[in-house]
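Worksheet: one structure, shown below.
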Amino acid sequence: MPVSAVAKQSSSKPNPFDSESDSESTSRPAKASSSYPVDPGAKSRYKNGFHDSRGFGNQSVQELESYAAHKAEETTQKVNDCLRLAENIKENVTSTLLTLHRQGEQINRTHETAANIDQDLSRSETLLGSLGGFFSKSWKPPKTRQIKGPVIITRGLSSNPGGNLNPQKYPDPTNAMEKVQVEKDKQDCALSDLSDVLGQLKGMALDMGSEIDRQNKAMDGLQDDVEELNYRVKGANQRARRLLGK
C-alpha cells in the first residue's frame, strides 16, 4: 500500500521537458519518467559554484553532471537574450530607415516644387520685361545659374529577411549529458540566428550611411536652387516697383 502511494505521488509530478504528445498519453508513465528531471532547488544550490558545499572536488559525478546541465541551460538563456536584443535593435534600425526613406522623398518633392516655381517665375519675368512702354529701358531678369531641380533619387529600402521561420525541435533528454547536448544544439541554432541578424544590421547600417550621403547632396542642390530663386524674386520685385512708380 505505501509503495503504490509513493508511485502515485511521483507520477503526478509534471515534467517540464515532456512534450505535449507525451503529456497526453497518461497511460504510459514510463515515457514520462524517462525525461531528464529538473531539480527546482538547483539554481540556488549551484549559484555559488558549490562554495557552500565544500567545492567541486567533494561532489558526486551525478551532481557535477546536473551542474553542467544547469549551466548549459543558463547559457542558452543568455544567448537567447542576446538574440532578442539584436532583434529589438533591428526593429529600431528598420524604423529609422523608413523615416530616412520618407525624409528623402520629402526632399525630392520640395525640390520639384522649387523647379515648378522656376517655371512660373520665368513666365513672370518675361511679362515684367515686356511692360514699361516703348521708350522704357529694357529689363533682363537677373540670373546667376540654372535651376537644376532634383537629381538624386532616394533608393528604396533593401529587403532584409527575418529570422528562422522554422524553429528546431529537440528531443527530450533522458539524462544530464543529453540535456547538455540539447542545450548546445539550441545555442548553436540561436548563435546562427544571431549571426544572421548581425549581418542584416551591418547591411542596414551601410544603407543608412549611403542614404544620409545622398540626402546631404540633395540638400546642397536644393539650397543652391532656393538661393537662386530668392535672388531672382528680389530682382522681379524691384522691376515691379519701378513700373508701379512711373
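The opening position of the sequence shown corresponds to residue 6 in the numbering used here, with each subsequent residue numbered one higher. Where a beta carbon is used, it is the ideal one built from N, C-alpha and C, also for glycine.
Problem set entry | Own chain partners of L248 with C-beta closer than 8 angstroms, once the 5 adjacent residues on each side are dropped | Here the set comprises L133, L136, G137.
Exercise. Hey, A241 and S129: beta-carbon distance below 8 angstroms or not?
Worked result: For A241 and S129, yes; Cβs fall inside 8 angstroms.
Problem set entry | DSSP-derived helix/strand/coil call for V261 | Residue 261 cannot be examined here, being either before or after the span of the chain that is shown, 6 to 251.
Exercise. With E114 and E233 assumed to form a contact (beta carbons below 8 angstroms), what rounded beta-carbon distance in angstroms separates them?
Worked result: For the record, residue 114 in the displayed sequence is Arg; it is not Glu. Not a contact, Cβ separation roughly 19 angstroms.
Exercise. Contact between the stretch 110-125 and the stretch 214-227: three or more CB pairs below 8 angstroms?
Worked result: Cβ pair count under 8 angstroms is three or more, so yes.
Problem set entry | Backbone secondary structure at G154 - three-state DSSP | If DSSP states are grouped into helix, strand and coil, G154 belongs with coil.
Problem set entry | Alpha carbon of Q243 to alpha carbon of P147, nearest angstrom | One C-alpha to the other measures close to 11 angstroms.
Problem set entry | Host alpha helix (DSSP H) of D123 (start-end) | Per DSSP, D123 is one residue of the alpha helix (DSSP H) stretching across 66-135.
Exercise. Do K95 and Q205 have their CB atoms nearer than 8 angstroms?
Worked result: A contact, by the Cβ cut-off of 8 angstroms.
Exercise. Would DSSP call D193 helix, strand or coil?
Worked result: When DSSP states are grouped into helix, strand and coil, D193 belongs to the helix group.
For this session: May I ask you to report which of helix, strand or coil DSSP gives S200?
Result: The DSSP-derived three-state label of S200 is helix.
Exercise. For L105, which of V231, K239, R237, D218 has the nearest alpha-carbon?
Worked result: When each option's Cα is compared against that of L105, the closest is D218.
For this session: Could you round the C-beta distance between A195 and V84 to whole angstroms and report it? I think they count as a contact, below 8 angstroms.
Result: For A195 against V84, the beta-carbon gap comes to about 5 angstroms, under 8 angstroms, which counts as contact.
Exercise. Who are the Cβ neighbours of I152 in its own chain at under 8 angstroms, not counting the five residues just before and after it?
Worked result: Here the set comprises A119, A120, D123, D230, E233, L234.
Exercise. Which term fits P21, buried or exposed, when burial requires 16 or more other beta carbons within 10 angstroms of its beta carbon?
Worked result: Its pLDDT being 41, under 50, P21 is placed unreliably by the model, and nothing is read from it.
Problem set entry | Proximal residues to S98 (C-beta, below 8 angstroms), its chain only, five neighbours per side dropped | One point to set straight first is that residue 98 is Val, not Ser, in the sequence displayed. Residues L206, M209, A210, M213 of the same chain have their beta carbon placed closer than 8 angstroms to that of V98, with the five preceding and five following residues left out of the count.
Exercise. Taking just the CA atoms, how far does H75 sit from Q82?
Worked result: Those two C-alpha atoms are separated by around 11 angstroms.
For this session: Go ahead and label K184 buried or exposed: buried means 16 or more other beta carbons lie within 10 angstroms of its beta carbon, across all protein chains shown.
Result: Result: buried.
Exercise. Where does S28 fall in DSSP's three states?
Worked result: In this prediction, S28 scores a pLDDT of 41, lower than 50, which makes its location untrustworthy; the coordinate-derived value is nonetheless stated afterwards. Residue state, collapsed to three classes: helix.
For this session: Going by CA-CA distance only, name the one from E216, R246, D177 that's closest to L102.
Result: If we check each option's Cα against that of L102, E216 comes out closest.
Exercise. Per DSSP, what kind of secondary structure is S143 in: helix, strand or coil?
Worked result: Note: S143 maps to coil in three-state DSSP.
Exercise. If we count the other Cβ atoms within 10 Å of its Cβ and call it buried at 16 or more, is P176 buried or exposed?
Worked result: Answer is exposed; the Cβ neighbour count stays below 16.
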